[in-house]
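S.K.: Take this structure first; my questions come after.
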Amino acid sequence: MEKTAKRWPLLLAIVVALSAIWAGFAAGENLAEDWQLAARWTARAGLPIFLLVYSASTLVRLLPSKSTKALLRDRRWWGLGFAASHTIHLYALTMVFVVGPDSRSPVSLIPGGLAYAMIYVMAVTSNAYSMRKLGRSWKRLHTLGMHYIWLVYTASYAGRIFQPEKQVEGLVGTSLLVAAFILRIAVRWPRHRTVRV
Ligand code: HEM
C-alpha cells in the first residue's frame, strides 16, 4: 500500500509554500515587510491543504468519486505536505522576529507553539507502525490534533474580521473553516440517528 501511495501532494505543498515566500519578497518594499508578507502568505497557502486533509473523510461521504477516494487514500501525504508548508511558515515567522521589531508577547506564542507541537506529533506518527503501536489512541490523537489546528486557524482568521484592512481574508478564512466543521458534523449525524432508532 505504501508503494502505491502518491507522494506528490508533499512536493506540491512545498512548492506552493516556497512560492508564497517568493511572492512576499516580490511584493515587499523592505526586508521586514518581505518577511511579514512571506509569513502571512505561507499561512494562507497552508489553508487549502489543511482543508483538504481535514475534509477528506467528509468529502468521500458527501461526494464519493475517484478523486475524493484518492484524496482519502493519500491523506497521509497531504498531511505531511501541510506539516512541510507550515514548517516554511515557521521559518518565515522566525525571520519576522529576526529582522524587525515585533510587539508580540511571549504568552501570545503559546497557542501557535502548541499547534506546532501537534503538527509534528501527527507528522511523526503518520505511518503504519505508529498506527499499529498506538491502536485506538492513534485516531483520538489525530482527531484532537486536527481540531486543535482547526481552532488556531479559525481563531487567527476570526481575529482578522475586526481589523478593517484584513477583514476580507478574515471573513473568507473563517467561513471556509466553519463550513468545513459544519459539514464534518453533518455527514456523520444521520449515522448516529440511525443507530439510535
Ligand atoms: C507561535 C507560532 C506562530 C507565530 C509566532 C505566527 C506568526 C505569524 C505572523 C508573523 C503572521 C503574519 C501576520 C500578518 O502579516 O498578518 C502570521 C499569519 C498567519 N498565521 Fe501564523 N504564526 C504562528 C503559528 C501559526 C499556526 C500554527 C497557524 C495555523 C494553524 C497560523 C495561522 C496563521 C494565519 C491564518 C495567518 C494569516 C494568514 C492570512 O492573512 O491569510 N499561524 N502568523
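Be aware that the sequence shown starts at 22, since it is given in this note's numbering, and climbs by one per residue. Think of the CB as a built atom: it goes at the ideal place given N, C-alpha and C, for glycine as much as any other residue.
(1) Following the continuous alpha helix (DSSP H) through residue 108, name the residue where it begins and the one where it ends.
(2) Since residue 146 is in the alpha helix (DSSP H), which residue starts that stretch and which ends it?
(3) Please classify residue 190: does DSSP put it in a helix, a strand, or coil?
(4) If you run the structure through DSSP and keep just helix, strand and coil, what is residue 183?
(5) Residue 46 and residue 59 - do their beta-carbons sit closer together than 9 Å?
(6) Helix, strand or coil: which one does DSSP assign to residue 90?
(7) Flag this pair as touching only if the segment 46-55 and the segment 183-201 have three or more C-beta atom pairs under 8 Å; answer yes or no.
(8) Are the segment 79-86 and the segment 114-124 touching by the rule of at least three beta carbon pairs closer than 8 Å?
(9) Should residue 62 be counted as a contact of ligand 1 given a C-beta to heavy atom distance under 8 Å?
(10) List the whole-angstrom C-beta distance separating residue 234 from residue 143, where the pair is believed to meet the contact cut-off of C-beta under 8 Å.
(11) Rounded to whole angstroms, what's the CA-CA distance from residue 97 to residue 126? Just pull it up for me.
(12) Looking at residue 170 and residue 200, is the spacing between their C-beta atoms short of 9 Å?
M.R.: In brief:
(1) 96-120
(2) That residue, residue 146, is in no alpha helix (DSSP H); it is neither H nor E in DSSP.
(3) In this structure, residue 190 counts as helix in the three-state DSSP scheme.
(4) It is coil, neither helix nor strand.
(5) yes
(6) helix
(7) no
(8) no
(9) yes
(10) Past the boundaries of the shown model lies residue 234; the chain is included only from 22 to 218, so the question cannot be answered.
(11) 34 Å
(12) no
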